[in-house]
Amino acid sequence: MNYSFREIEKKWQNIWEKEKTYETKDLFSPKYYVLDMFPYPSGAGLHVGHFKGYVATDIVARVARMQGFNVLHPMGWDAFGLPAENYAIKTGIHPEITTKKNIDNIRNQMKITGLSYDWSREINTTDPNYYKWTQWIFLRLLEKGLAYKKLLPINWCPSCKTGLANEEVIDGKCERCGTETTKKDIEQWVLKITDYAEKLLEDLDSLDWPDKIKEMQKNWIGKSEGWEIDFKINDINVPVFTTRADTLFGCTYLVLAPEHSLISKLKVENKDEVNKYIEKARNKSERERISEIKDKTGIELKGIKAINPVNQKQIPVFIADYVLGHYGTGAVMAVPAHDERDFEFAKKYNLEIIFVIDSVKDKAFVEDGILFNSGEFDGLKSFEARENIGEFLKGRKKINYKLRDWIFSRQRYWGEPIPVIICEKCGIVPDNNLPVKLPYVEKYEPTGTGESPLATIDSWVNVDCPKCGGKAKRETNTMPQWAGSSWYYLRFIDPNNNNEFAEKEKENFFMPVDLYVGGAEHAVLHLLYARFWHKFLYDLGFVSTKEPFFKLRNIGLVLASDGQKMSKSKGNVVSPDEIIEKYGADTLRMYEMFMGPFEQAIVWNEQGVKGVHKFLNRLWDFVIKNKDEELDELLVEVNKLNKKVSESVEKMKFNTSIAFFMEFLNYAGDKKASKNTLKMLLLLMFPFAPHICSELWEIIGCGNIMVEKWPEYDKRLITEEKVEIIIQVDGKLRDKVEVDIDSTEETVKSLVLQREIIKKWTENKEVSKVLFVPNKLMNIILKK
RNA sequence: GCCGAGGUGGCGGAAUUGGCAGACGCGUAUGCCUUAGAAGCAUAUAUCCUUAGGAUGUGAGGGUUCAACUCCCUCCCUCGGCACCA
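Going by my numbering, the first residue of the first sequence is number 5, and it counts up by one from there.
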C-alpha cells in the first residue's frame, strides 16, 4: 500500500523545528564543517539540480552527527546581484523586498526537503550587519595597499552597463547576460590578487580538490619562469621577457605591444601609419582579437632598428597586437624558428628565420635541444644555455604570471558600497564608520557613464571629509557579486557577533571547512577570490588556516529530460516542490542520489523517481509486516548491508548505497526480520530518507531516531565459511564450485578435476599448468 | 592548439591492488489481478547461432598477461575549461 508521506514528512519537520534538532551548540570535539555553496535567491526558486548538492551534504552531515561529530551545517543567501536590480528597474520594486520574498520561498523549499541546516545561523550578504564586515575586510585591503584605484581599459558590458573582472568574461562575452564585451577606460578599484599568485599556486597541493579545478586554477594563475634581457633601440634599454633565452641567436626582430610607452618617444618615419594601427588595435573587442588569432597583423617602425645583445646584429622593430601590453614587459624578442606565433608573423612579413636548436620544415621547432648557430654556446643543451646566455647578458631572472589584478568596482546599485570618501584635499579617505549603508534610491537605472545610480543621491554622496572636515564625496561604485561570498563561510561560525567577524576561539575551532560542495562553474571565480581573501586574513592573523576549504567536491548538473540545461526561458525546469507534492521529500532525496555518481551530469527522468518511490513503499510494507516478528532470517544480510553502505557513504558513492538497500529488500522478500535487523536497516537509511525512517522507528517502538548512533556491523557474522571458486579452462569460465574458505590448491584441484563439465573440456588433452587464486579462482591451462 | 574528464545493453549506470562484465533502477515483453484502465505482483530481457550448448562482446587497432572494462602504445569521438601569456 502507499504510505502517507505527506502527513509523515510534515510531522517530523515540525518536530525537528520545534526541538531545534540541528542547531550546533558547543565547541565540543571532534567538529565537522560541511558547507554548500550558498545560492543566489532567484525569483524562480531553486530547481532539482540545486538540491542534488544539498541532499548530498545533508547525508554527509547526518552520518557525521550519528558518528558523534559536532557538525556545523549552515545555509545563507548570496543576495546581492543583478537579477533583483534589473527587476527593480522594470517594476520599481526595491530589491530588498524581492530578495526577502525569494529567500522565504527558497528557505521553505529547503525545509520541505528535510535538509538539516542550522537555521539559527542563517546569513544574508545584503544585511548591513553582514556587509559591515565585507566592508571591513575591504578597508584592511586598502590599508595594506592591496586595494587601489586606477584608470584602466577594462572589460565593459554594454547591456549590464558595468565593468567586469577578467574572470567574468567568457569567450569575449559577459558571464551574466552573454552580451559581447567592449573595452572602456574607467577609473576602477582593483584588488592586488597578483601579490598572492605564488601562494595561491603553491598551496593548491595541500588541498583535497578535484584535479580539474586545481588544474584550472593553475592555468589561470599561469606561472612562467624566464629571463628579462635588455635590447637596445638608439641607446634606450628595452627589456624583453623570455622563457627561451637559449634561442636568442635566432632572434631576428623585436615586437612591441601597441600600448608600449616607448613608441611615442621614437622618431618613426611612418608615424601616421603606425598611429592608425595603434588606434585600430585599441578598439578591437575581445572577440575580434580571438577570431584573429590565426591571422596576425603588425607594422614595422620604419627607420628604427634594435640591437640583439647576444651578437650585436641590427634587427627590425615591429608593433603587433599579438604582443600584449599587460604581460611581461610588453615587448618580445621574436624567434620565428622556435615560436609558432613568431613563425607565422615572419612568414607573412617575409622576415628572416634562423634555426638554432633543430630545424623542421614549414613550422617552428618549439622543443628543447642542443644549440648550433649560437657562437660560443654551440653544443650546450637548452636548459644550460638559458642560464649561460641569461647570465652572460647580465639579464635578470624573472617569474611572470598570467593572473591579473581583480577589477573590483561595479557601476551598479545593488551591491556593497565601497566604504571610501574622496576628499579634494586628502584624497582617498577610508570611512571607518561601518556599515556604510546602501541608501534607498528612486531610480535604479545605471547611468552608463561609468557612475553608479548612487551618484544621483546628493544627500548621500556629499559628506564632510572624516580627516579634514572639508567638502568630500562618497565613492559611488559598489562591490562585485563575489565580495560577499569571499568570506561568508567565516561568518557562519559566529553570525551574530557585533564586535568582530567571528570570535577568534570559535574560528580556530571550526575552520577549515571540512567538506565544500558546489558547481564547477566557480573554479576561477568564487573559489579563487575566497582563497585570496582568506590568505590575506591569514597573513594579518585574523584566521588560523592558510586555506578555507580543505575538501571540495563538484556536483554534476541535473539536465532536463530534453538533455538541455534547466532554465526558466526554456520552460524545462523541474522544481522540487512538485516532486515532493507527488512523491514526498524522501523520494526526491533518494532519487537525486540514485541517479548516478553525483559529480556527473545526468538527465532527469521522472520514471526513475517512480521507481524509487515504489521502493520506499516496499520498505514501509516490509517493516510493518515484521514489526512484531521474533524470528530472524536476515541478520547476516543486514550486517553485510551495513558494511557496504558504510563504505560507499565514506566514498560519497551514494548511488551504490541506494542500490545496496534495494538489493537487500529484493533478497529479503518474504523472509522474516526481527527488531534488531529492522533497526539496523532504518539507521542506515535514515540519512538518506529521514522522514520515513523516523516514522518507522517510532512505529517499531524505539522512540526518537535522532539520538541514535551510526550502526556497527558484526564482523563475525559476515565472515563466510564457504566460498565460490570460479573455474576457468584456458581462461574461459566453465564451471563454479563451492568449497570451504581458505581451501588449499590441492583440495580444490582434486575436486575440480572430478567434475563432469571440466572432464569434458580436458578430455584427451594434457594439462600444462594450473593457476590458483585462493578463495577466488582456478584456471586450468591445456597444452596446445 | 593546449589542459582536464570521459566513451560499458534500448536508457541512467555497476564492477578497476588485473580474476564470474552488465549489480540496482528505468524501459520493453509475457502472465496474474481487474468489468476495463491505472496501480500492484510474477517471470524474462547484451548480441549472434533454430536448440542442448556454444561463439562474440566494455569507442577503434595493437601490446603485456594464464587472465584486461581495468595496465602500456597509437588513434577516433564526446563533454568541460583556457585562448596569441613570449
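The beta carbon of each residue, even a glycine, is placed where N, CA and C say it ideally should be.
Note that the structure is predicted; figures quoted are calculated from it, not measured.
Counting C-beta pairs with one atom in each stretch, the segment 482 to 491 and the segment 409 to 419 have three or more that are closer than 8 Å, which means they touch.
About 15 Å separates the beta carbons of Gly80 and Glu27, which is beyond the 8 Å limit, so they are not a contact pair. Using a 10 angstroms sphere on the CB of Lys153, the tally of other CB atoms reaches 16 or more, which defines it as buried.
Only residues of its own chain outside the window of five on either side were considered, and among them Lys550, Glu551 have a CB closer than 7 Å to the CB of Asp207, listed in chain order. Assignment of Arg408 by DSSP, reduced to helix, strand and coil, places it in the coil class.
Along the segment 105 to 132, the beta strand (DSSP E) does not occur as any fully enclosed run of 3 or more residues. Within the same chain, Cβ atoms closer than 8 Å to the Cβ of Asn287 are found at Lys187, the five residues on either side in sequence being excluded. Listed in chain order, the non-local C-beta contacts of Gly454 below 6 Å within the same chain comprise Ile190, Gln415, local neighbours out to five positions each way being set aside. Rounded to whole angstroms, Leu260 and Tyr533 show a C-alpha spacing of 32 Å. Pro457 is positioned such that its CB atom lies closer than 8 Å to that of Lys447.
In the structure shown, Asn783 falls within a strand segment according to DSSP collapsed to helix, strand and coil. Apart from sequence neighbours up to five positions away, the residues of its chain that approach Ser652 with a beta-carbon distance below 6 Å are Thr660, Ser661, ordered along the chain.
Of the residues assessed, Val711 falls on the exposed side of the cut-off, its CB having fewer than 16 other CB atoms within 10 angstroms. At a Cβ-Cβ threshold of 8 Å, Phe381 and Phe369 do not count as neighbours.
Within the segment 24 to 99, the complete beta strand (DSSP E) runs of at least 3 residues fall at 35 to 40, 74 to 76. For Leu266, the closest alpha carbon among the candidates Asn238, Phe598, Asn500 is that of Asn238. At a Cβ-Cβ threshold of 8 Å, Glu633 and Lys676 count as neighbours. Exposed is the label assigned to Phe387, since fewer than 16 other Cβ atoms lie within 10 Å of its Cβ. Non-local beta-carbon contacts of Leu119 in its own chain, meaning distances under 6 Å to residues more than five positions away in sequence, involve Tyr58, Asp62 in chain order. A check of alpha carbon separations from Lys216 across Glu525, Val38, Asp566 identifies Glu525 as the nearest. Bounds of the beta strand (DSSP E) holding Thr166 are 166 to 168. As the crow flies, the alpha-carbon of Asn437 is around 49 Å from that of Tyr281. The beta carbon of Gly452 sits closer than 7 Å to the beta carbons of Lys165 from its chain, once the five residues preceding and following it are set aside; these are given in chain order. The segment 315 to 325 and the segment 222 to 229 do not touch, with fewer than 3 CB-CB distances between them shorter than 8 Å. Runs of the beta strand (DSSP E) spanning 3 or more residues and lying entirely within the segment 163 to 220 occur at 166 to 168, 186 to 195, in chain order. Going by DSSP, Met483 is part of no beta strand (DSSP E) at all; its letter is neither H nor E.
Boundaries of the alpha helix (DSSP H) harbouring Gln17: 9 to 22, taken from the DSSP string. Val733 and Asn768 have their C-alpha atoms roughly 14 Å apart. Taking C-beta atoms as the reference points, Tyr91 and Gly149 fail to come closer than 8 Å. With distances taken between CA atoms, Ile357 lies nearest to Ala341 out of Ser363, Ala341, Glu348. DSSP places Ile358 in the coil class of the three-state scheme, outside both helix and strand.
Between the segment 323 to 330 and the segment 246 to 265, the count of Cβ pairs shorter than 8 Å is three or higher; the stretches touch.
About 20 Å separates the Cβ atoms of Leu563 and Ala527, ruling out a contact at the 8 Å cut-off.
Leaving aside the five residues that flank Cys427 on each side, the residues in its chain whose CB is nearer than 7 Å to its CB run, in chain order, Val433, Cys469, Lys471, Cys472, Gly474, Ala476. Per DSSP, the unbroken beta strand (DSSP E) holding Ile730 starts and ends at 726 to 733.
In the DSSP annotation of this structure, Trp491 is not part of any beta strand (DSSP E), being labelled neither H nor E.
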